[in-house]
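Step one of this worksheet: look at the structure below.
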Amino acid sequence: MAEGDDKPDEASKTEDATPKKLEDARKRGQVAQSRDINTWIILLAATLLIGTAAPLMFSNLTDFLGEFLSQAHTMPGTPGGIGMVLTETARRSLSATYFVFLALLIAAVAGPLMQVGPLIAPEVLKPDLSKISVFKGFARLFSLKSIAEFVKGLLKISAVGIVGFVMVYPYLDGAEHSIELTPVQMLEEIEALAIRMMIGILVALLAISLADLLFQKWEFAKQMRMTKQEIKDEYKQTEGDPFIKGKLRQIRMERARQRMMQNVPKADVVITNPTHFSVALQYDTEISDAPIVIAKGIDEVAMRIREVATEHEIILFENPPLARTLYDTVELDQPIPEELYKAVAEIISYVYKKKGKIK
Numbered sequence: 300m301a302e303g304d305d306k307p308d309e310a311s312k313t314e315d316a317t318p319k320k321l322e323d324a325r326k327r328g329q330v331a332q333s334r335d336i337n338t339w340i341i342l343l344a345a346t347l348l349i350g351t352a353a354p355l356m357f358s359n360l361t362d363f364l365g366e367f368l369s370q371a372h373t374m375p376g377t378p379g380g381i382g383m384v385l386t387e388t389a390r391r392s393l394s395a396t397y398f399v400f401l402a403l404l405i406a407a408v409a410g411p412l413m414q415v416g417p418l419i420a421p422e423v424l425k426p427d428l429s430k431i432s433v434f435k436g437f438a439r440l441f442s443l444k445s446i447a448e449f450v451k452g453l454l455k456i457s458a459v460g461i462v463g464f465v466m467v468y469p470y471l472d473g474a475e476h477s478i479e480l481t482p483v484q485m486l487e488e489i490e491a492l493a494i495r496m497m498i499g500i501l502v503a504l505l506a507i508s509l510a511d512l513l514f515q516k517w518e519f520a521k522q523m524r525m526t527k528q529e530i531k532d533e534y535k536q537t538e539g540d541p542f543i544k545g546k547l548r549q550i551r552m553e554r555a556r557q558r559m560m561q562n563v564p565k566a567d568v569v570i571t572n573p574t575h576f577s578v579a580l581q582y583d584t585e586i587s588d589a590p591i592v593i594a595k596g597i598d599e600v601a602m603r604i605r606e607v608a609t610e611h612e613i614i615l616f617e618n619p620p621l622a623r624t625l626y627d628t629v630e631l632d633q634p635i636p637e638e639l640y641k642a643v644a645e646i647i648s649y650v651y652k653k654k655g656k657i658k
């Protein structure tokens with residue numbers, strides 16, 4: 300690192316980006332995505348439309364033109380009559396094409412959504428004077444990314460040219476016979492050839508687009524890499540923030556609660572208050588000589604424990620003093636104390652008799 304330069308050099312960025320840095324980058328609109336994938340999805344939509352919607356659009360317009368020509372002698376030649384004809388022509392044309400524009404719009408939105416999900420980044424709209432720097436622009440011109448874009452452009456041009464030649468060449472020998480075709484047959488031949496060409500181009504561009512997506516992800520990961528010192532500084536900053544600490548604590552508690560709820564179906568009985576406290580007990584002699592508290596909670600958590608227990612046909616046993624004592628004195632995944640053996644044993648015995656179990 301040069302003296303007086305606060306920015307770390309690339310060689311010192313040896314660590315993968317932390318989730319916080321990736322989240323901050325996402326807020327700035329910096330994400331790994333391939334524009335070629337977006338273009339490919341639009342091209343795919345266009346190909347599907349040509350194969351499905353184009354014949355219907357052509358049929359509708361043909362019917363309209365036939366109707367127009369058959370009634371042309373009855374239409375008034377006044378400005379009002381001409382305006383009416385033009386209005387109807389525009390309406391028919393728009394009704395035949397609005398579905399195409401809508402489908403292409405959906406395809407244009409689907410590409411980014413599939414790659415990065417919903418993303419709103421107002422910072423992208425802010426002017427950045429560094430982007431118009433002559434020196435930085437010159438440096439970007441000869442960067443690895445620019446070279447990759449240049450090579451990718453050559454590959455796309457070559458792919459389109461080769462596919463076009465391979466698809467069109469077999470038709471050249473029979474081109475002189477096309478004059479024998481009716482206009483409808485001619486359009487059908489052109490449509491079939493266009494679809495064949497676009498399918499071939501789609502296959503070729505898909506390979507290029509997937510390679511570009513991998514490159515963009517690699518380039519983004521490289522750009523986001525951090526130094527060990529940056530990770531230490533970020534840790535100090537986030538751990539010292541009361542809001543972040545509270546958020547992390549909340550996340551840990553939520554994960555612990557989810558794991559606890561997953562254990563409720565293993566319980567033999569749930570002892571309740573009946574509304575404020577719930578304690579789930581599991582008695583398995585292969586695990587412990589005494590019943591173990593595998594889940595416990597108050598209020599909303601207690602209610603959720605009861606709901607899960609009911610879903611799995613686990614018996615709920617009302618004993619307010621015992622439920623509160625178990626909640627206050629026994630930690631999760633710990634056996635009950637000896638002084639509670641008798642009270643719990645009576646409940647376990649009752650449960651086994653009700654279920655027809657013998658242990």
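First residue of the sequence shown: 300, per the working numbering; consecutive thereafter. Just so you know, even glycine gets a beta-carbon here, dropped at the ideal spot from N, CA and C. Treat the numbers as computed from the prediction; the structure is a model and nothing was measured.
Proximity of the segment 500–518 to the segment 443–459 meets the contact definition, three or more beta-carbon pairs being nearer than 8 Å. Residue 344 and residue 332 have their C-alpha atoms spaced approximately 19 Å apart. If you draw a straight line from the Cα of residue 325 to the Cα of residue 418, it comes to about 8 Å.
When C-alpha distances from residue 455 are compared across 503, 499 and 484, the shortest belongs to 503. Cα atoms of residue 580 and residue 567: separation of roughly 6 Å, rounded to the nearest angstrom.
In this structure, residue 607 keeps its C-beta atom at 8 Å or more from the C-beta atom of residue 578. Partner residues in the beta bridge of residue 633, as assigned by DSSP, are 592. When the Cα atoms are used, residue 645 and residue 551 turn out to be separated by approximately 36 Å. Cβ neighbours of residue 447 within its own chain (closer than 7 Å, five residues either side excluded): 514. Where residue 579 is concerned, the enclosing beta strand (DSSP E) starts and stops at 576–581. As the crow flies, the alpha-carbon of residue 519 is around 55 Å from that of residue 589. Taking all protein chains shown into account, residue 616 has 16 or more neighbouring C-beta atoms within 10 Å of its C-beta and is therefore buried. The C-beta distance from residue 317 to residue 602 rounds to 37 Å, too long to fall under 8 Å, and the pair is not in contact. For the options 521, 352 and 593, the alpha carbon positioned closest to that of residue 558 is the one of 593.
The secondary-structure analysis by DSSP pairs residue 568 across a beta bridge with 580 and 614. Separation of residue 314 and residue 321 (C-alpha to C-alpha, rounded to the nearest whole angstrom) is 13 Å. Taking a C-beta distance under 8 Å as the contact criterion, residue 571 and residue 622 qualify as a contact pair. Annotation for residue 512: 333 and 336 place their beta carbon closer than 6 Å to its own, counting only its chain and skipping 5 residues before and after.
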